[in-house]
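Engineer: FYI, the numbering for the sequence shown is 1 to 117, going by full-length UniProt numbering. Every residue, glycine too, gets a C-beta built ideally from N, C-alpha and C.
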Amino acid sequence: MSFFVSLWQSIFEPGTSPQLIIATHVSFTALLLSLIWLIYSTGIIHFYVLFVIATFLWITVIWFINELKQVKLKSNDELEETTSTATTDTDESKKDIAKTTSSRSSASTSAIKSRKA
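(1) Can you give me the Cβ contacts of S6 inside the same chain, cut-off strictly under 8 Å, excluding the 5 residues immediately before and after it?
(2) Taking C-alpha atoms, which residue in L57, E13, Q9 lies nearest to H25?
(3) With 8 Å set as the bound, which would you pick, yes or no: does the beta-carbon of Y40 sit closer than that to a beta-carbon of chain B?
(4) My understanding is that A54 touches L35, with C-beta atoms under 8 Å, so please give their C-beta distance in whole angstroms.
(5) Under the three-state reduction of DSSP, which class applies to S34: helix, strand or coil?
(6) For F47, I'd like the list of residues in its chain whose CB is within less than 7 Å of its CB, leaving aside the five on either flank, ordered along the chain.
(7) Does DSSP classify L73 as helix, strand or coil?
(8) Near G15, what residues of its chain come up, given a Cβ to Cβ distance below 7 Å and the 5 sequence neighbours on each side ignored?
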């Protein structure tokens, strides 16, 4: 399988793949080399600032990739099970809240009516 086919397929899978990491590093390297060339040829302060921002962004992306490697990612099936369980729990709690709210509103309505009388 070619590098680009593997890269395209890795987009639809959870986590990081070696192809994605290589593409990320190549992209940031090309960006930083372009900025170095622009700094050399023009000397404009904006390119210095962009170079610093891009460098910090690359460092942050590397840190994030390392954090993803340490965490066990869930598959889509596991996520659906978790979501359906959470939805059921949420629906039950919403019903309880609705009952409490309706009983409070009816009590306050009756208190207002008794004050008017």
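Structural biologist: On the basis of the supplied data:
(1) For the purposes of this step, residue 6 is taken as residue 6 along the sequence shown, with counting starting at 1. Within the same chain, S6 has close Cβ partners S17, Q19.
(2) Reading the sequence shown from its first residue, position 25 is the one you call residue 25. Nearest C-alpha to H25: L57.
(3) The question asks about chain B, but that chain is absent: this structure has only one protein chain.
(4) On the sequence shown, residue 54 is found 54 positions in, with the first residue counted as 1. On the sequence shown, residue 35 is found 35 positions in, with the first residue counted as 1. The pair is a contact, with the Cβ atoms about 6 Å apart (cut-off 8 Å).
(5) As a first step, residue 34 must be located in the sequence shown, where it is residue number 34. Correct three-state label for S34: helix.
(6) Locating residue 47 in the sequence shown gives position 47, counting from the first residue. Within the same chain, F47 has close Cβ partners L35, L38, I39.
(7) As a working mapping, residue 73 is identified with position 73 in the sequence shown. Reduced to three states, the DSSP call for L73 is coil.
(8) Numbered from 1 along the sequence shown, position 15 holds the residue referred to as residue 15. Closer than 7 Å at the Cβ level, and outside the excluded window around G15, lie L68, L73.
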